[in-house]
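K.L.:
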C-alpha cells in the first residue's frame, strides 16, 4: 500500500517530477527520444479536479455549529484547531481533501501546556490537532469495539534550532500513543554512513502520562468504512486512468512532432553511405533524411506516421475522461469541448442525471466528516478537563453537516422553471421552484428581504390576469364594451 499511497499523493499534487516516474517508454524508442518526449509531456490533472469538485460540493451547504451550547474549550478549538491557528472550517476542508486522496487519514488531538495549574482544569493549555498520512502510521491495535488500544506514528524532525551550528538534517522519530501514556523514541546513528545496523543505532526515549483513558488519535475516512487499516479512496482508480491519459497524450505529442517534422526520403542513385556523392546529397538536405536507390526513377517523398493512429489515441483519451467524471457523477462540470460526451453545462438536464449519483457520495462523505469532528470534540473536552458530554447522534449534537446537497446552478434552476411553466403544473410547484431561483439569484440578501419576496411568491395567483395586467383572463367583454356594441347595432338599424 505504501507505493499506492505515494502514487495517489504524487498524482494529485502533480508537478514536473511526476512525468519522470509515470511516462513509460516505448520498447522501440531510443533513450534520447524518450527523454525529449518526457520533457514535452503535459497533462490536465483530472485527479485534482475530481477531488476539488467533490470537496466544493461537500462544503457548499451550511454546516451548523451550536456555539451557544458548546463549552468554552470547544469554542476555543473551533477558532484555532491547529498550531497555526487555522479555524475548524478551514481545517476540515483540508482533512476532507486528504481523505479523498488517501481514503483514510489520521488525526491526532494533542495539547501543549502554556501554564501549569494545580488541576487539569486550572492548567492553561492549547488543544490542537494535526494530520498524519497513512504512510506514517506504522502499527496499531484495536479492541473488540473497534477503539484503538495503541498506535505507533512516525514523525519527521529537522535539526534547525540554531541557524549557525545546526546541521539541517531531516530525521525520523517514533511516537507511541497508548490510552494512558505516550512514548517518544528518537533515533541516533553512531556512523551515519552505515544506516540501521544493530550496533550503529542508539535510542533516546521520552515518556509522559496523559491520563485520558483513550488514545487521542482518530481516523477520518473518505466514506465510512469498517476496515481497520485502510479505506477506499476517491481517486484509487481514477489516478491510474489519469496516468493512462497522460501517457496517451505523450504518444499523441510524438505523433504530432513526427507529422510536423516529417522525414524526407530522397533517391541517391545507387550511392552507398560513405561515398562522396552520398555525402553531397546529405549536405543538400537537412541531414535528417533517408536515401534509397532511385535507379528505377523514384521520386523524393516524406515519411510520416499514419494519421489514423492519432485518431485512435484521441478517441481513447475522450473515453477515459468520460469514464473518470461519470464514475463520480460530475460529468456535467465538463464543457462540450473537453468532457468527451458533449454535455452542455448550461442545461439542467445533464446534471439532473448526475445529481442522484453524486448526492449519495456527498451524503456519506458529510456523515464521515461529522463523525470525525464530533470525535475530535470529545478529545478536546478530555484534554481540557471539561465534563461536557458530547452527543454523537440526535438533535443534541453540536455539529450538523448537511444531508442534502444542491449541485444545480442558477441557469439550471431557470431552465427547470421554464420547463415547469410549459407543463400543467400546480401553482404550489411553481412557487417552490421560484423560491429556488431566488435563493440562487440573491444568495446573500437579508432575512427580512427574503421573507418579503417569499411572502409575495406565496400570494401569487396562477390566473393569467395576475401576470398580464390590463387584460381579463376570462376574455369576457366589459360593461362599456357591451353598451358600445349595442349602440353600434342601433345606429346601423336607424340608417337602414
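In the numbering used here, the protein residues as written are 4 to 499.
The C-beta atom is built at its ideal place from N, Cα and C for all residues, glycine as well.
1. Can you tell me whether residue 210 is helix, strand or coil according to DSSP?
2. Is residue 26 buried or exposed, if buried means 16 or more other CB atoms sit within 10 Å of its CB?
3. Using 8 angstroms as the cut-off, can you tell me whether the stretch 133 to 147 makes contact with the stretch 98 to 109, which would need three or more C-beta pairs spanning the two stretches below that distance?
4. From what residue to what residue does the alpha helix (DSSP H) around residue 392 run?
5. Between the C-alpha atoms of residue 110 and residue 397, what's the straight-line distance to the nearest angstrom?
6. Less than 8 angstroms between the CB atoms is what I'm expecting for residue 108 and residue 223, so what's the real figure, rounded?
7. With which residues is residue 221 paired in a DSSP beta bridge?
8. Mapping the DSSP letters down to three states, classify residue 315 as helix, strand or coil.
9. Does the Cβ of residue 115 have 16 or more other Cβ atoms within 10 Å, making it buried, or fewer, making it exposed?
10. Helix, strand or coil: how does DSSP classify residue 380 here?
11. So what does DSSP say about residue 406, is it helix, strand or coil?
12. Taking DSSP's pairing of strands, which residues face residue 175 in a bridge?
13. On the premise that residue 361 lies in contact with residue 53, defined as a C-beta separation below 8 angstroms, what is that separation, rounded to the nearest angstrom?
14. Residue 158 to residue 380, Cα distance in whole Å?
15. Can we say the stretch 371 to 391 touches the stretch 57 to 77, given the rule of at least three CB pairs closer than 8 angstroms?
16. Count the C-beta pairs between the stretch 234 to 245 and the stretch 153 to 172 that are closer than 8 angstroms, then say yes if the count reaches three, no if not.
17. Can a CB atom of chain D be found closer than 8 angstroms to the CB of residue 54?
18. Go to residue 192, then tell me how far its beta strand (DSSP E) extends in each direction, as first and last residue.
19. Residue 101 lies in the alpha helix (DSSP H); which residues open and close that run?
20. How far does the beta strand (DSSP E) with residue 142 in it extend, from its first residue to its last?
21. Tell me which residues share the same chain as residue 315 and place their Cβ nearer than 7 angstroms to its Cβ, disregarding the 5 neighbours each side in the sequence.
22. Can you tell me where the alpha helix (DSSP H) holding residue 435 begins and where it ends?
23. Straight-line CA distance for residue 408 to residue 228?
24. Going by alpha carbons, who is nearest to residue 395 out of 210, 378, 64 and 386?
25. Do residue 326 and residue 432 count as a contact pair if the criterion is CB distance below 8 angstroms?
P.N.:
Looking at the coordinates:
1. Here residue 210 sits in strand by DSSP.
2. Flag for residue 26 reads buried.
3. Taking 8 angstroms as the limit for Cβ pairs, the verdict is that the stretch 98 to 109 does touch the stretch 133 to 147.
4. First-last for residue 392: undefined, no H or E at that position.
5. Each residue's alpha carbon lies about 24 angstroms from the other.
6. Contact flag correct, Cβ pair sits at about 5 angstroms.
7. BP columns for residue 221 point to 110.
8. Three-state result, residue 315: helix.
9. Exposed is the call here.
10. Correct three-state label for residue 380: helix.
11. It is coil, neither helix nor strand.
12. Looking at the DSSP assignment, residue 175 forms a beta bridge with 159.
13. The pair is not a contact, with the Cβ atoms about 11 angstroms apart (cut-off 8 angstroms).
14. C-alpha of residue 158 to C-alpha of residue 380: approximately 24 angstroms in a straight line.
15. The stretch 371 to 391, when compared against the stretch 57 to 77, does touch it at the 8 angstroms Cβ threshold.
16. Segments in contact, no.
17. In summary, chain D is missing from the structure at hand, where a single protein chain is found.
18. Taken as a continuous stretch (DSSP letters only), the beta strand (DSSP E) holding residue 192 covers 184 to 192.
19. It spans 91 to 105 - the alpha helix (DSSP H) in which residue 101 sits, taken as one unbroken run.
20. From DSSP, the beta strand (DSSP E) with residue 142 extends over 140 to 145.
21. Excluding five sequence positions before and after residue 315, none of the CB atoms of its chain fall closer than 7 angstroms to its own CB.
22. Where residue 435 is concerned, the enclosing alpha helix (DSSP H) starts and stops at 430 to 444.
23. So the two alpha carbons sit approximately 21 angstroms from each other.
24. Cα-wise, what sits closest to residue 395 is 378.
25. No, these two residues do not count as a Cβ contact at 8 angstroms.
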